[in-house]
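Undergrad: Per UniProt numbering, the sequence shown starts with residue 1, numbered consecutively.
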Amino acid sequence: MTASEIFPVPAELAASAHVNAARYQELYDRSLSDPEGYWGEVGQRLDWIKPYTEVKSTSFSGDVKIRWYEDGTLNVSANCLDRHLATRGDQVAILWEPDSPETPHRAITYREMHGEVCRLANVLKARGVKRGDRVTIYLPMIPEAAYAMLACARIGAVHSVVFGGFSPEALAGRIEDCGSACVITSDEGLRGGKPVPLKANADQALSTHAATAHVHTVLVVRHTGGKVEMTPGRDVWYDEECAKVAADCPPEEMSAEDPLFILYTSGSTGKPKGVLHSSGGYLVYAALTHELVFDYRPGEVYWCTADVGWVTGHSYIVYGPLANGATSLMFEGVPTYPDASRFWQAIDKHQVNIFYTAPTAIRALMREGDSPVTSTSRASLRLLGSVGEPINPEAWLWYHRVVGDGRCPIVDTWWQTETGGILISPLPGAMALKPGSATKPFFGIKPVIVDAEGVPLEGEAEGNLCIAESWPGQMRTIYGDHKRFVETYFSTYKGMYFTGDGCRRDADGYYWITGRVDDVVNVSGHRMGTAEVESALVAHPKVAEAAVVGYPHDIKGQGIYAYVTLMEGEEGSDALRAELAKWVRQEIGPIAVPDLLQFAPGLPKTRSGKIMRRILRKIAENDYANLGDISTLADPAVVQSLIDNRQNR
Ligand code: ATP
Ligand code: MG
Numbered sequence: 001m002t003a004s005e006i007f008p009v010p011a012e013l014a015a016s017a018h019v020n021a022a023r024y025q026e027l028y029d030r031s032l033s034d035p036e037g038y039w040g041e042v043g044q045r046l047d048w049i050k051p052y053t054e055v056k057s058t059s060f061s062g063d064v065k066i067r068w069y070e071d072g073t074l075n076v077s078a079n080c081l082d083r084h085l086a087t088r089g090d091q092v093a094i095l096w097e098p099d100s101p102e103t104p105h106r107a108i109t110y111r112e113m114h115g116e117v118c119r120l121a122n123v124l125k126a127r128g129v130k131r132g133d134r135v136t137i138y139l140p141m142i143p144e145a146a147y148a149m150l151a152c153a154r155i156g157a158v159h160s161v162v163f164g165g166f167s168p169e170a171l172a173g174r175i176e177d178c179g180s181a182c183v184i185t186s187d188e189g190l191r192g193g194k195p196v197p198l199k200a201n202a203d204q205a206l207s208t209h210a211a212t213a214h215v216h217t218v219l220v221v222r223h224t225g226g227k228v229e230m231t232p233g234r235d236v237w238y239d240e241e242c243a244k245v246a247a248d249c250p251p252e253e254m255s256a257e258d259p260l261f262i263l264y265t266s267g268s269t270g271k272p273k274g275v276l277h278s279s280g281g282y283l284v285y286a287a288l289t290h291e292l293v294f295d296y297r298p299g300e301v302y303w304c305t306a307d308v309g310w311v312t313g314h315s316y317i318v319y320g321p322l323a324n325g326a327t328s329l330m331f332e333g334v335p336t337y338p339d340a341s342r343f344w345q346a347i348d349k350h351q352v353n354i355f356y357t358a359p360t361a362i363r364a365l366m367r368e369g370d371s372p373v374t375s376t377s378r379a380s381l382r383l384l385g386s387v388g389e390p391i392n393p394e395a396w397l398w399y400h401r402v403v404g405d406g407r408c409p410i411v412d413t414w415w416q417t418e419t420g421g422i423l424i425s426p427l428p429g430a431m432a433l434k435p436g437s438a439t440k441p442f443f444g445i446k447p448v449i450v451d452a453e454g455v456p457l458e459g460e461a462e463g464n465l466c467i468a469e470s471w472p473g474q475m476r477t478i479y480g481d482h483k484r485f486v487e488t489y490f491s492t493y494k495g496m497y498f499t500g501d502g503c504r505r506d507a508d509g510y511y512w513i514t515g516r517v518d519d520v521v522n523v524s525g526h527r528m529g530t531a532e533v534e535s536a537l538v539a540h541p542k543v544a545e546a547a548v549v550g551y552p553h554d555i556k557g558q559g560i561y562a563y564v565t566l567m568e569g570e571e572g573s574d575a576l577r578a579e580l581a582k583w584v585r586q587e588i589g590p591i592a593v594p595d596l597l598q599f600a601p602g603l604p605k606t607r608s609g610k611i612m613r614r615i616l617r618k619i620a621e622n623d624y625a626n627l628g629d630i631s632t633l634a635d636p637a638v639v640q641s642l643i644d645n646r647q648n649r
């Protein structure tokens, strides 16, 4: 099996999937030629309180205005819960798998969840939280995180979920930025057997940052039972407050364009942005993409391993699946605790049909060899997914062959916090797969590849990826900073949304994300996505992970600097350096051979597991003073160790 192999749609899937190849083409063409008609029909999948008559009013120029289903009203939590009660009230909505396999799991039905969300909504109201107020959610991966999101939606409050792994400073900054009135947290989180002091972090954020003085309520979920301080008047226990209120709370009638949530980007390219999403358009898009990209069918168990602190957790653990009446598995723990079989054992335990994870997890597990996977059955699996970074063909093939036993298609889904949902991805019944390609655009999505001057390129091409037309799930603004919104996304190339990603379109019209535009290097006049060089390195049997950046080179303009993490048990040496150089030469060509190669036991990653190449670039450039915002880094100690071992020219 080689990376250039094409994996056709399995015949059974072509016949049974929601969308097959012919239907894709027909609907895709229609979605572009008649967006009003297409999205007008698709919007009907939600329950509207007042039906919309205007579908689309969008402009990517001037002040940039994006409005979908503008005159319709709805409530997002009613769409995720209430409307399922008659048909599937007793079906499991959230299947919760705890950090330790020894702890009992929980199965919460739609009816139970409805009661929980209503109670919490009433608690928020009793504490004075009103429509339009911001609520910061700082919770571990427990069902209460989903309840909290939906309780906000129920009363029209805007949630801002902050990943539970973030520091007090990062939390304070996010509370301050959106001016939230209320924080929902828990005594502690639990990850890989270790407690995370969430309440203590929240206390520290609130006591040391004057700008957070507007927080009047901290609601604390009892999770581990760990001891915490409670500030009288401000801090209240979640369970005690919920016991005082009714289990019924009428949903607030919201306009489609009322904000649903703010979510900060992961910060891999700079200071995080407070991305603001709408209610109606966002939910239409999250629900539709969830159903079609994962080919979700009623009754199936679907598992997305993302944290609710990331957009993937918002759209594909909570909103999309629940709007579709799915059973969504939520996992508290980490892939390697108690051992590297954890994911696969949980798949067997809950008979998971659809599994969606990130390349960083796949590469980490691949490093442990096949046996932790092959010791499990995974017979229930039907479809696999990937998101977050380009997936190297090597990791794709391993995921397909070992995890999926060669029978499960992989949907490599390209999208961003800003896009609200998946924009480029296979529909598994419609597209043949090429390892490493996100394949084709979703309905209504019009990708345009432009050169550095902004000239659109036709046919086979490589350049910067823009999107020419709006789609309902698109972000509406950066919270409190519309100017930065317009500047960041709509000023580089006039009239188009600029993604910041580089991309190649091949002869079959397939899209290959080559990484951030900033990560494209120009070696002696040859433009190269660093992802390509990384994939070649990772394809070597001794290499587990690689990150490649450019650095100023006197002769070539830019040189290639590679950071390489080896497989468990391998040692770095000059001989291996030479071997890897030879390998890259064979795989891509002499132009791609790294000028400098550093063996690195760890790479700097965001909390969501993305490699922060901008830091690696600074190290390669010998510019340690300007590392920029590293507040979202998972392990800051990695940076010093990389600096200490930097390769010299
Ligand atoms: P920031 O914008 O603050 O730098 P970020 O871009 O890492 O943070 P996200 O919105 O979580 O924050 O990530 C979106 C980016 O992740 C995309 O722009 C792309 O670079 C990368 N990405 C996501 N999915 C894929 C995929 N399937 N293939 C390739 N790249 C992907
Ligand atoms: Mg980004």
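All C-beta atoms, glycine included, are put in the ideal place defined by N, C-alpha and C. A quick note: this is a predicted structure, and the numbers were derived from the prediction, not measured.
When you compare each of Asp412, Met149, Thr376 to Val403 by their alpha carbons, which one comes out closest?
TA: Numbered from its first residue, the sequence shown carries residue 403 at position 403. Nearest C-alpha to Val403: Thr376.
Undergrad: Taking all protein chains shown into account, do 16 or more other C-beta atoms lie within 10 angstroms of the C-beta of Thr2, making it buried, or fewer, making it exposed?
TA: As a first step, residue 2 must be located in the sequence shown, where it is residue number 2. Caution is warranted here: a pLDDT of 47 is assigned to Thr2, below 50, making its placement in the model unreliable, and no coordinate value can be reported.
Undergrad: Contact between the region 592–610 and the region 634–647: three or more CB pairs below 8 Å?
TA: Touching, yes, given that three or more Cβ pairs across the two stretches are closer than 8 Å.
Undergrad: What does DSSP give as the partner residue(s) for Lys605 in the beta ladder?
TA: Walking along the sequence shown from the start, residue 605 turns up at place 605. DSSP, once it has assigned bridges, lists Ile611 as partnering Lys605.
Undergrad: Counting only the same chain and skipping the five closest in sequence on each side, list residues whose C-beta sits under 6 Å from that of Val638.
TA: Within the sequence shown, the letter at position 638 stands for residue 638. Only Gly602, Pro604 meet the Cβ criterion.
Undergrad: For His209, does the three-state DSSP call read helix, strand or coil?
TA: Counting from one through the sequence shown, the residue named residue 209 turns up at place 209. Coil, per DSSP.
Undergrad: Is the separation between the beta-carbon of Tyr479 and that of Ile262 shorter than 7 Å?
TA: Walking along the sequence shown from the start, residue 479 turns up at place 479. Walking along the sequence shown from the start, residue 262 turns up at place 262. A contact, by the Cβ cut-off of 7 Å.
Undergrad: Are the region 492–505 and the region 517–533 in contact at 8 Å, needing three or more beta carbon pairs?
TA: Yes, they touch.
Undergrad: To the nearest angstrom, how far is it from the Cα of Ala14 to the Cα of Gly40?
TA: Along the sequence shown, read from residue 1 onward, the residue named residue 14 stands at position 14. Along the sequence shown, read from residue 1 onward, the residue named residue 40 stands at position 40. Roughly 27 Å between the two C-alpha positions.
Undergrad: Am I right that Ala256 and Thr73 are in contact with their C-beta atoms under 8 Å? What's the rounded C-beta distance?
TA: Start at 1 with the first residue of the sequence shown, and residue 256 comes out as number 256. Start at 1 with the first residue of the sequence shown, and residue 73 comes out as number 73. The pair is a contact, with the Cβ atoms about 7 Å apart (cut-off 8 Å).
Undergrad: Hey, is the region 155–174 in contact with the region 138–147, meaning 3+ C-beta pairs nearer than 8 Å?
TA: Short answer: they touch.
Undergrad: How big is the Cα-Cα spacing for Val135 and Gly589?
TA: As a position in the sequence shown, residue 135 is number 135, starting the count at 1. As a position in the sequence shown, residue 589 is number 589, starting the count at 1. Using only the alpha carbons, I get a separation of about 53 Å.
Undergrad: Give the C-beta separation of Tyr561 and Asp595 to the nearest angstrom, bearing in mind that I take them to be a contact with Cβ-Cβ under 8 Å.
TA: The residue given as residue 561 occupies position 561 in the sequence shown. The residue given as residue 595 occupies position 595 in the sequence shown. That belief holds up - the Cβ atoms of Tyr561 and Asp595 are roughly 7 Å apart, short of 8 Å.
Undergrad: Tell me whether His314 sits in a helix, a strand or coil according to DSSP, three-state version.
TA: Within the sequence shown, residue 314 is the residue found at index 314, counting from 1. His314: helix per DSSP, three-state reduction.
Undergrad: Since Met330 is in the alpha helix (DSSP H), which residue starts that stretch and which ends it?
TA: Start at 1 with the first residue of the sequence shown, and residue 330 comes out as number 330. Here Met330 belongs to no alpha helix (DSSP H); instead the beta strand (DSSP E) covers 327–331.
Undergrad: Taking 8 Å as the cut-off, does the region 329–338 touch the region 351–370 (at least 3 CB pairs, one atom from each stretch)?
TA: Because the criterion of three Cβ pairs below 8 Å is met, the region 351–370 and the region 329–338 touch.
Undergrad: Could you spell out where the alpha helix (DSSP H) holding Val123 opens and where it closes?
TA: For the purposes of this step, residue 123 is identified with residue 123 of the sequence shown, where counting begins at 1. Its alpha helix (DSSP H) spans residues 110–126.
Undergrad: Can the beta-carbon of Asp307 be found less than 7 Å from the beta-carbon of Leu190?
TA: If you number the sequence shown from 1, residue 307 lands on position 307. If you number the sequence shown from 1, residue 190 lands on position 190. Against a cut-off of 7 Å, the Cβ pair of Leu190 and Asp307 comes out as no contact.
Undergrad: If we ignore side chains and look at the alpha-carbon of each, how far apart do Glu229 and Ala536 end up?
TA: Counted from its first residue, the sequence shown places residue 229 at position 229. Counted from its first residue, the sequence shown places residue 536 at position 536. When rounded, the distance between both Cα atoms is 52 Å.
Undergrad: Exposed or buried, which one is residue 660 when buried takes at least 16 other CB atoms within 10 Å?
TA: With the chain represented from 1 up to 649, any question about residue 660 goes unanswered, as that position is not in the structure.
Undergrad: Just verifying my parser: in three-state terms, what is the DSSP assignment at Ser449?
TA: By 1-based counting over the sequence shown, the position of residue 449 is 449. Sequence check: residue 449 is Ile here, not Ser. Correct three-state label for Ile449: strand.
Undergrad: Any idea which residues DSSP pairs Ala547 with across the strands?
TA: Walking along the sequence shown from the start, residue 547 turns up at place 547. Answer by DSSP bridge pairing, in chain order: Tyr563.
Undergrad: Do Gly473 and Tyr285 have their C-beta atoms closer together than 7 Å?
TA: Position 473 of the sequence shown, counted from the start, is the residue given in the question as residue 473. Position 285 of the sequence shown, counted from the start, is the residue given in the question as residue 285. In contact: Gly473 and Tyr285 (Cβ atoms closer than 7 Å).
Undergrad: From Trp96 to Lys434, what distance separates their C-alpha atoms?
TA: Along the sequence shown, one-based indexing puts residue 96 at 96. Along the sequence shown, one-based indexing puts residue 434 at 434. Trp96 and Lys434: Cα-Cα distance of roughly 33 Å.
Undergrad: Would you kindly report the start and end of the unbroken beta strand (DSSP E) that includes Tyr93?
TA: The count along the sequence shown starts at 1 and reaches residue 93 at position 93. The amino acid at residue 93 is misidentified as Tyr; the sequence shows Ala. Its beta strand (DSSP E) spans residues 92–97.
Undergrad: Quick one: residues in its chain with C-beta nearer than 8 Å to the C-beta of Gln647, no 5 flanking neighbours on either side, listed in chain order?
TA: Your numbering for residue 647 matches position 647 in the sequence shown. Counting only Cβ-Cβ distances below 8 Å, and skipping sequence neighbours, we find Tyr561, Leu596, Leu597, Gln598.
Undergrad: How is the beta strand (DSSP E) around Tyr264 delimited, first residue to last?
TA: By one-based count along the sequence shown, residue 264 stands at place 264. 259–264 is the span of the beta strand (DSSP E), which, as asked, contains Tyr264.
Undergrad: Three-state secondary structure (DSSP) at Asp519?
TA: As a working mapping, residue 519 is identified with position 519 in the sequence shown. Helix.
Undergrad: Taking only three categories from DSSP, how would you classify Ser371?
TA: What you label residue 371 is simply residue 371 of the sequence shown in a count that begins at 1. It is helical.
Undergrad: Sorry if obvious, but does the Cβ on Asp177 come closer than 6 Å to a heavy atom of ligand 1?
TA: As a working mapping, residue 177 is identified with position 177 in the sequence shown. The answer is no for Asp177.
Undergrad: Quick check for students: name the residue ranges of the alpha helix (DSSP H) that lie wholly in the region 439–490, counting only runs of 4 or more.
TA: Listed in chain order, the complete alpha helix (DSSP H) runs (minimum 4 residues) inside the region 439–490 are 482–490.
Undergrad: In the DSSP output, what is Arg302 paired with across the bridge?
TA: Here residue 302 refers to the residue found at position 302 when the sequence shown is read from its first residue. Reading the sequence as shown, one finds Tyr at residue 302 and not Arg. Partner(s): Ser328, Ile354.
Undergrad: Give a yes or no on contact between the region 58–69 and the region 79–86, applying the rule of three or more CB pairs nearer than 8 Å.
TA: Contact fails: fewer than three Cβ-Cβ distances are below 8 Å.
Undergrad: Could you round the C-beta distance between Glu460 and Arg527 to whole angstroms and report it? I think they count as a contact, below 8 Å.
TA: Here the question's residue 460 lines up with position 460 in the sequence shown. Here the question's residue 527 lines up with position 527 in the sequence shown. Rounded, the Cβ-Cβ distance is 14 Å, inconsistent with contact.
Undergrad: Quick one: what does DSSP say Arg222 is sitting in, helix, strand or coil?
TA: Numbered from 1 along the sequence shown, position 222 holds the residue referred to as residue 222. Here Arg222 sits in coil by DSSP.
Undergrad: In the region 150–192, which residue ranges form an unbroken beta strand (DSSP E) of at least 3 residues, counting only runs that do not cross its ends?
TA: Whole beta strand (DSSP E) segments, 3+ residues: 158–161, 182–186, 189–191.
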